[in-house]
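A.B. asks: All residue numbers for the sequence shown refer to the working numbering, where the first residue is 3 and numbers rise by one. Every residue gets a Cβ at the ideal spot worked out from N, C-alpha and C, and that includes glycine. Being a predicted model, the structure only gives us computed values, none of them experimental.
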Amino acid sequence: MKAVLTVATVLALASSLPANAATKSNSATVDRDFSRLSHDGQVAFADIAQAQTALAAGQTTQALPLIQDAESRLAHAATDHKAFVKAETELPSAAGAPQHGVRHTPSATPDTWIPVSGSYVVADDLAPDKQQAVQNANQHLTQGRKPLVVQDLKIVGIDVDYIIGLAPLQQASGDVHRASVFLDGGDAKDANEALQGALDTVVFVSQDTLETVAPQGNAPVTKHKRV
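1. Do A72 and F36 have their CB atoms nearer than 9 Å?
2. Taking the alpha helix (DSSP H) that S74 falls in, what are its first and last residues?
3. Any chance the CB of L212 is under 8 Å from a heavy atom of the ligand SAM?
4. Just the Cα atoms here: how many angstroms apart are T111 and T214?
5. Alpha carbon to alpha carbon, how far is A200 from A101? Give it in angstroms, no decimals.
6. Provide the residue(s) that pair with T144 in DSSP beta bridges, ordered along the chain.
7. Have a look at the DSSP bridge pairing and note the partners of F86.
8. What does a CB cutoff of less than 6 Å around A193 pick up in its chain, not counting 5 residues either side in sequence?
9. Please check the pair A139 and Y122, which I expect to be a contact at CB under 8 Å, by giving their CB distance rounded to whole angstroms.
10. Got a sec? Which residues, its chain only, sit under 7 Å from Q70 by beta carbon, not counting five neighbours each side?
11. Give me whichever residues DSSP pairs with P170 in a beta bridge.
12. Near V45, what residues of its chain come up, given a Cβ to Cβ distance below 6 Å and the 5 sequence neighbours on each side ignored?
13. To the nearest angstrom, report how far apart P149 and R34 are at their CA atoms.
14. Counting C-beta neighbours from all protein chains within 10 Å, is the total for K84 16 or more, i.e. buried, or is it exposed?
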């Protein structure tokens, strides 16, 4: 059974390799995994998460520019070469994908999707320190902090699966715009709910699925196996 620990990837380190060689290999894999994501899309969703944190702390003045930046970046992401058009019914959910609190029926209407996040999927029976390392790696991934992801993965050191979070551009952009309007009107509660709506649009697929629906010739599927 698999477990996903948050909404980027894990490279299992080979104990037979010198530490510096393993680190270089790990770093290269993290670079490839980051390259699968839309830069603007990834930053936009990091902005959304940070804006929610700010709103929870009552820091509305800090949240507003984050929401505005997210809205701008999602607009730019529409022209990203990683964007593609598919119906959600053509995007089978990856094994171990995070389960959102909001249930919905996948739409058969084509939409524009962008890859905005990744996540590590690991076995349930990991030791607590390795479970924590996976959580840390996923958190650092969403923050775009590659060096820290590499450090976290050195602790994990097991076979893992990498799954990719896709966001429907129109729906996510609409949710973020609504959040901006709500916050401009002083309604932090509804702004936060709109941001959560954007996060809840994300669906997770396997690397193989992404390569099938949106081939990227220079980005082969990354194998996260113990060497």
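C.D. replies: In this structure, then:
1. no
2. T62 to A79
3. Among the components of this structure there are no ligands whatsoever, and the ligand SAM is therefore not found.
4. 18 Å
5. In the sequence as displayed, the identity of residue 101 is Gln instead of Ala. C-alpha separation (whole angstroms): 15 Å.
6. Bridge partners of T144: none, in fact.
7. W115
8. A181, F184 and L185
9. 6 Å
10. S182
11. W115
12. R75
13. 14 Å
14. buried
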